[in-house]
Amino acid sequence: MMIGAALNASIAAAPSLIGKVAPDFVLKGLDGRNLRMSEYRGQVVLVNFWARWAGEAREEIPALDRINTTYERAGLVVLGVSVDEDLARAREFAGAMKVSYPILFDTGSDIGKDYLLQKMPVTILVDRSGVVRYANVGYKRGDERAYLDHIRELLRE
Amino acid sequence: MSLKHRAMSITGALLLAAGGVLAAAQPPPAPVRDTAAASAPASAAATNPAATTANPPSAPAPAPSAAAAAVPNAAGAAPNAPNAPGSASAAPPAPGDAQPTEFKSLDQEVQGLKKDVIDLNKDLFVLEEELLFPANTQVAVYVSMDVGTFFAVDSITLKIDNKEVKNYLYTAREADALLKGGVQQLYLGNLKVGKHELVAFFTGKGPIERDYKRGATLSFDKGVGAKYLELKITDHVAKHQPEFAIKDWE
Chain H
0 MMIGAALNAS
10 IAAAPSLIGK
20 VAPDFVLKGL
30 DGRNLRMSEY
40 RGQVVLVNFW
50 ARWAGEAREE
60 IPALDRINTT
70 YERAGLVVLG
80 VSVDEDLARA
90 REFAGAMKVS
100 YPILFDTGSD
110 IGKDYLLQKM
120 PVTILVDRSG
130 VVRYANVGYK
140 RGDERAYLDH
150 IRELLRE
Chain Y
0 MSLKHRAMSI
10 TGALLLAAGG
20 VLAAAQPPPA
30 PVRDTAAASA
40 PASAAATNPA
50 ATTANPPSAP
60 APAPSAAAAA
70 VPNAAGAAPN
80 APNAPGSASA
90 APPAPGDAQP
100 TEFKSLDQEV
110 QGLKKDVIDL
120 NKDLFVLEEE
130 LLFPANTQVA
140 VYVSMDVGTF
150 FAVDSITLKI
160 DNKEVKNYLY
170 TAREADALLK
180 GGVQQLYLGN
190 LKVGKHELVA
200 FFTGKGPIER
210 DYKRGATLSF
220 DKGVGAKYLE
230 LKITDHVAKH
240 QPEFAIKDWE
């Protein structure tokens, strides 16, 4: 029931993403490496789009870090994508968060349009075949429980 | 795009048909055989570096994996069908002798269908390219890398007639594929007949891990017929520096 309710909410928020192949992107990471989304095909991928100015994102990132440390070995990949316009400050912020997963920086690509980003943060879950299966816009405490339900389900597939 | 979508839908329909054929006469343990078919394209992609960088060869790749996924499911959908006659008869071992040859021919049929689907997808891809980029206006830019001791590519920006047409970031896997001899189609577009200028900016790590940015320029005449250009990254051993050149393939 809870999963169904969460799924309905996410469908209302991101109607045209769920069930479709996740748009591919390649972005530069905090460590200088470029990462391409499609190279993680075969693994369950959680992509978290965030911006420094979004207070909810600051709360969500530590929760995602805990999820990553727990499920990384089970085949989960967490990617954080900053959509901040001020790259220098975004890098500074990301460095201070000290998360265990890669943080990427979107500097003027079409990723916002591709992922229909209108509000921050946005978290999406992509299954092993590269299809978006869940999307959550915004964040409130407890949302990570819905993430975990979906992650476990996708990891079992 | 519509052709590509049509190709994918035809692909799906054929694969479902193939799965259905197998489901009709196959016993439950069949998926074991199909794992080999599923792993074959993946290993081929791993051994062929060009497949990871060049766009066209990678296009048909999803078809075989989808086929492999469809077949075991379809086989699982009708597990009891072959068992029914066996349970009614008093001597069940008899059908065991006839089944392997029948399965073998069915398997060959399914493999043949899969191959046809891949060929069809490839043909439609080529047809789509020919329609979108007719030969008399087509210009294609490729990237190749030789040795790479003095340069680790990070990105390439391409400008044609002072207009940015491509900015490509390379992941470690893609850079590695180039080093292994892969040739990447970086850009495919249309240009009018006449004089044009191509400028390529290469960024990455140069000797002693230093940030490195260089450009290369080529003025070329676009005649009637396709134009193929190659961005070549090579090592200049005497200078201990990388070299960037643009080759015009006549």
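Just so you know, the protein sequences line up as chains H and Y, in that order. If you count the first sequence from 1, position 32 lands on 31 in numbering that gives the first Met the number 0, and the numbers rise without skipping. If you count the second sequence from 1, position 80 lands on 79 in numbering that gives the first Met the number 0, and the numbers rise without skipping. Beta carbons: idealized from backbone N, C-alpha and C, even for Gly. Since the structure is predicted, the reported quantities are computational estimates derived from the model, not experimental observations.
Inset, instruction - Compare the C-alpha of Val130 (chain H) against each of H:Gln117, H:Ser37, H:Asn33 and H:Gly31 and name the closest. - result: H:Ser37
Inset, instruction - Could you tell me which chain H residues have their CB closer than 8 Å to the CB of Leu185 (chain Y), listed as they occur along the chain? - result: Neighbours of Leu185 (chain Y) on chain H: none; closest Cβ ~13 Å, over 8 Å.
Inset, instruction - Using three-state DSSP, classify Tyr70 (chain H) as helix, strand or coil. - result: helix
Inset, instruction - Determine the direct distance from the alpha carbon of Glu101 (chain Y) to that of Arg172 (chain Y), and round the result to whole angstroms. - result: 43 Å
Legend entry - Any chain Y beta carbon closer than 8 Å to Glu38 (chain H): yes
Inset, instruction - Check the DSSP bridge columns for Trp49 (chain H) and list the partner residues they point to. - result: H:Ser81
Inset, instruction - Just the chain H side, please: which residues come within less than 9 Å of Thr148 (chain Y) by C-beta, in chain order? - result: Neighbours of Thr148 (chain Y) on chain H: none; closest Cβ ~20 Å, over 9 Å.
Legend entry - Beta-carbon spacing of Arg32 (chain H), Asp83 (chain H) below 8 Å: no
Inset, instruction - Sort out for me which residues DSSP pairs Ile102 (chain H) with in a bridge. - result: H:Gly79
Legend entry - Where Val25 (chain H) meets chain Y, residues with beta-carbon distance less than 7 Å: Leu168 and Thr170
Legend entry - Simplified DSSP assignment, three categories, for Val142 (chain Y): strand
Inset, instruction - Give the secondary structure of Asn189 (chain Y) by DSSP, where H, G and I count as helix, E and B as strand, and everything else as coil. - result: strand
Legend entry - Between the CA atoms of Gly28 (chain H) and Tyr70 (chain H) - distance to the nearest angstrom: 21 Å
Inset, instruction - Taking only beta-carbon positions, decide if Arg90 (chain H) is within less than 8 Å of chain Y. - result: no
Inset, instruction - Give a yes or no on whether the minimum CB-CB distance between Asp175 (chain Y) and chain H is below 8 Å. - result: no
Inset, instruction - Take Leu157 (chain Y) and list the residues in its own chain whose beta-carbon comes closer than 6 Å to its own, dropping the five residues that flank it on each side. - result: Val164, Lys165, Tyr186 and Ala199
Inset, instruction - Using a Cβ cut-off of 8 Å, pull out every chain Y residue sitting near Leu34 (chain H), in sequence order please. - result: Thr170
Inset, instruction - With 8 Å as the threshold, decide whether the Cβ of Asp153 (chain Y) is near any Cβ in chain H. - result: yes
Legend entry - From H:Tyr39, H:Asp30, H:Asp148 and H:Leu153, residue whose alpha carbon lies closest to that of Phe24 (chain H): H:Tyr39
Inset, instruction - Determine, using beta-carbon pairs with one atom in the region 122–132 of chain Y and one in the region 215–222 of chain Y, whether at least three such pairs fall under 8 Å. - result: no
Legend entry - DSSP three-state assignment for Ala145 (chain H), whether helix, strand or coil: helix
Legend entry - Whether Pro206 (chain Y) touches Phe149 (chain Y) by CB criterion (8 Å): yes
Inset, instruction - For Asp160 (chain Y), count neighbouring Cβ atoms within 10 angstroms of its own Cβ and tell me buried if that reaches 16, exposed if not. - result: exposed
Inset, instruction - Helix, strand or coil for Glu91 (chain H), going by three-state DSSP, please let me know. - result: helix
Legend entry - Exposure of Ala95 (chain H), with buried meaning 16 or more beta-carbon neighbours within 10 Å: exposed
Legend entry - Of the residues H:Pro22, H:Gly18, H:Gly74 and H:Asn67, the one placed nearest Arg155 (chain H), counting alpha carbons only: H:Gly74
Inset, instruction - Have a look at Y:Lys226, Y:Ile245 and Y:Leu112 and flag the residue whose alpha-carbon is nearest the alpha-carbon of Phe132 (chain Y). - result: Y:Lys226
Inset, instruction - Determine the burial state of Asn189 (chain Y): buried for a count of at least 16 other Cβ atoms within 10 Å of its Cβ, exposed for fewer. - result: exposed
Legend entry - Distance between Lys246 (chain Y) and Asp237 (chain Y) (C-alpha atoms, nearest Å): The identity of residue 237 (chain Y) in the sequence shown is Ala, whereas the question assumes Asp. Their Cα atoms are separated by approximately 22 Å.
Inset, instruction - Starting from Ile110 (chain H), trace the beta strand (DSSP E) both ways and give me its first and last residue. - result: Note, Ile110 (chain H): premise wrong, no beta strand (DSSP E); alpha helix (DSSP H) at Ile110 to Asp113.
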